[in-house]
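Under mature numbering (1 follows the signal peptide of the UniProt record, and there is no 0), the residues of the sequence shown are numbered -19 to -1, 1 to 239, in order. Structure record follows, encoded as structure tokens.
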Amino acid sequence: MKLFFTKVLLLLMFFTIFSCETKKQKADPKPYKAGVILSFDDVYVDEWYEADQALKKYGWKATFNVCRIDSIGAPQIKKLLEMQKEGHEIAAHGYHHYNAVKFVQKNGIDEYMKQEIDPMIISMKRLGFNVSTFAYPYGERSDALDKALSDDYKIIRGRAFGGEAPEKQDSFFNNSKIVFAFDIDNSHIHFSIPYVLELLDYAKKHNKILLLCGHKPVKNVTENYQTKIETLEFICKYMKLNDLKFYKTSDLDDLLPE
């Protein structure tokens, strides 16, 4: 009988320890204030700098995902470093701007890391950029790529391609290091100011962080991959009027459950 109770006690101790460990693994999300991440992809440095001058009055902060870093001229590098010093984030967007999924299908992940990621990390560090997040060129990604990049980047960003109702939209922070942004370029098929307003209202009402991305800020749209300054002004004004917070992509790392 004594042996039976000893076994029961040991089993209870085991399940108690296991239960505690399970609870640790399922940590509650950290609380945060509703807000927006404004991010820009590629290498439109001069236009980003001009947008920064126009939007400083809103106290904005943005994430600039840079590709082809070794092809950027010295004046543009200086502007990027200046914006980083002011509190903006300079992030990674590929050394050559390869479509990651298509490249890996032909050449494999090891070759992708060798050609697209490793030289980018070396060059950006050499130039003085504090890089901790990555945005996929063209927004295309895979679980295997996410896993391969996870050792080098704290947050990895894809794209939310659809125009679903806000509650079904992927472009809100989901307490994961893999996040998605909605494209606010005027050429994007699902873009419209009323739809962006719906997303902003949803973020405010449900205390969410909305991720948005564009490319080249311009006064007047003349081609694809351009975001109107007017659109950025609209978003910044909405945020100030509704007390939404400006986040950078790297800020999300501090909000991840431990």
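Beta carbons: idealized from backbone N, C-alpha and C, even for Gly. Only a predicted model underlies this, so the values are computations on that prediction, with no experimental measurement involved.
What's the C-alpha gap between Asn111 and Leu126?
Within the sequence shown, residue 111 is the residue found at index 130, counting from 1. Within the sequence shown, residue 126 is the residue found at index 145, counting from 1. Between Asn111 and Leu126, the C-alpha separation is close to 22 Å.
With a threshold of 16 other CB atoms inside 10 Å of the CB of Ala146, please say whether the residue is buried or exposed.
As a first step, residue 146 is located in the sequence shown; it is residue number 165 there, counting from the start. Its Cβ having fewer than 16 others within 10 Å, Ala146 is exposed.
Whole angstroms is fine: what's the gap from Lys197's alpha carbon to Tyr206's?
For the purposes of this step, residue 197 is taken as residue 216 along the sequence shown, with counting starting at 1. For the purposes of this step, residue 206 is taken as residue 225 along the sequence shown, with counting starting at 1. Distance between the alpha carbons of Lys197 and Tyr206: 6 Å.
In chain order, what residues of the same chain lie with their CB nearer than 6 Å to the CB of Tyr134, ignoring the 5 residues before and after it?
On the sequence shown, position 153 is the one that residue 134 refers to. The answer, listed in chain order, is Thr114 and Phe115.
Considering only residues of the same chain and omitting the five flanking positions on each side of Tyr93, which have a CB-CB separation below 8 Å?
On the sequence shown, residue 93 is found 112 positions in, with the first residue counted as 1. Only residues of its own chain outside the window of five on either side were considered, and among them Tyr79, Ala81, Phe84, Val85, Leu126 and Ala129 have a CB closer than 8 Å to the CB of Tyr93, listed in chain order.
DSSP bridge partner residues for Arg49 (one or two, in chain order):
As a working mapping, residue 49 is identified with position 68 in the sequence shown. Arg49 is not bridged to any residue.
In or out: Gly40 buried (at least 16 other Cβ within 10 Å) or exposed?
The residue labelled residue 40 in the question sits at position 59 within the sequence shown. Per the 10 Å Cβ criterion, exposed.
Name the DSSP beta bridge partners of Pro198, please?
Within the sequence shown, the letter at position 217 stands for residue 198. Answer is Thr208, bridged to Pro198.
Look at the alpha carbon of Val177 and the alpha carbon of Gln34, and state the distance between them as a whole number of angstroms.
As a first step, residue 177 is located in the sequence shown; it is residue number 196 there, counting from the start. As a first step, residue 34 is located in the sequence shown; it is residue number 53 there, counting from the start. Roughly 23 Å between the two C-alpha positions.
For Pro12, does the count of other Cβ atoms within 10 angstroms reach 16, so buried, or fall short, so exposed?
Counted from its first residue, the sequence shown places residue 12 at position 31. Counting C-beta atoms within 10 angstroms of its own C-beta, Pro12 has fewer than 16 neighbours from the protein chains shown and is therefore classed as exposed.
State the Cα-Cα distance for the pair Lys185 and Val47, rounded to the nearest angstrom.
By one-based count along the sequence shown, residue 185 stands at place 204. By one-based count along the sequence shown, residue 47 stands at place 66. Cα-Cα distance, rounded: 29 Å.
Cβ neighbours of Ile159 in the same chain (closer than 6 Å, five flanking residues each side left out)
Numbered from 1 along the sequence shown, position 178 holds the residue referred to as residue 159. If the five residues before and after Ile159 are omitted, its C-beta is found closer than 6 Å to the C-beta atoms of Asp127 and Ile137, all from its own chain and listed in chain order.
Whole-angstrom C-beta distance between Met105 and Ile50, which should lie under 8 Å:
One-based indexing of the sequence shown puts residue 50 at position 69. One-based indexing of the sequence shown puts residue 105 at position 124. The pair is a contact, with the Cβ atoms about 6 Å apart (cut-off 8 Å).
Between Ile216 and the ligand ADP, is the CB less than 7 Å from at least one heavy atom?
In the structure on display, the ligand ADP does not appear, and there are no ligands present to speak of.
Where His169 and His74 are concerned, what is the direct C-alpha to C-alpha distance, given to the nearest angstrom?
Here residue 169 is taken as the residue at index 188 of the sequence shown, counted from 1. Here residue 74 is taken as the residue at index 93 of the sequence shown, counted from 1. Annotation: His169 to His74 spans about 19 Å, alpha carbon to alpha carbon.
When DSSP labels each residue in this structure, what does Ser104 get in the three-state scheme?
Within the sequence shown, numbered from 1, the residue matching residue 104 stands at position 123. Helix.
Please go through the same chain and pick out, in chain order, the residues whose beta-carbon is closer than 8 Å to the beta-carbon of Val199, but skip the five residues on each side of it.
For this step, residue 199 is matched to residue 218 along the sequence shown. Cβ neighbours of Val199 beyond the five flanking positions: Glu28, Gln207, Thr208, Lys209 and Ile210.
Using 10 angstroms around the beta-carbon of Pro238, count the other beta-carbons present and answer buried if the total reaches 16, otherwise exposed.
By 1-based counting over the sequence shown, the position of residue 238 is 257. Exposed, because fewer than 16 other Cβ atoms sit within 10 Å of the Cβ of Pro238.
Going residue by residue through the stretch 5 to 85, where are the continuous beta strand (DSSP E) segments of at least 3 residues, counting only ones entirely within it?
You should have 16 to 23, 44 to 47 and 70 to 73.
Which one of Tyr25, Asp23, Ala72 and Tyr76 has the shortest CA to CA distance from Lys229?
As a working note, residue 229 is residue 248 in the sequence shown. Residue Ala72 is the option with its Cα nearest to Lys229.
Integer-rounded CB distance, given that Ile174 should sit under 8 Å from Leu193:
Numbered from 1 along the sequence shown, position 212 holds the residue referred to as residue 193. Numbered from 1 along the sequence shown, position 193 holds the residue referred to as residue 174. Incorrect: roughly 12 Å between the Cβ atoms, too far for contact.
Where does the unbroken beta strand (DSSP E) through Ala162 begin, and where does it stop?
Reading the sequence shown from its first residue, position 181 is the one you call residue 162. Its beta strand (DSSP E) spans residues Ile159 to Asp164.
Could you spell out the range, first to last residue, of the alpha helix (DSSP H) harbouring Tyr93?
As a working mapping, residue 93 is identified with position 112 in the sequence shown. From DSSP, the alpha helix (DSSP H) with Tyr93 extends over Ile90 to Tyr93.
Less than 7 Å between C-beta atoms, sequence neighbours within five positions excluded: which residues of the same chain meet that for Ile53?
Residue numbering aside, residue 53 sits at position 72 when the sequence shown is read from its first letter. Counting only Cβ-Cβ distances below 7 Å, and skipping sequence neighbours, we find Val24 and Val26.
CA-CA distance, Asn188 and Phe142?
The count along the sequence shown starts at 1 and reaches residue 188 at position 207. The count along the sequence shown starts at 1 and reaches residue 142 at position 161. Going by the C-alpha atoms only, they are around 22 Å apart.
Quick check: what's the CA-CA separation for Phe163 versus Cys217?
The residue labelled residue 163 in the question sits at position 182 within the sequence shown. The residue labelled residue 217 in the question sits at position 236 within the sequence shown. Taking the straight line joining both Cα atoms gives about 16 Å.
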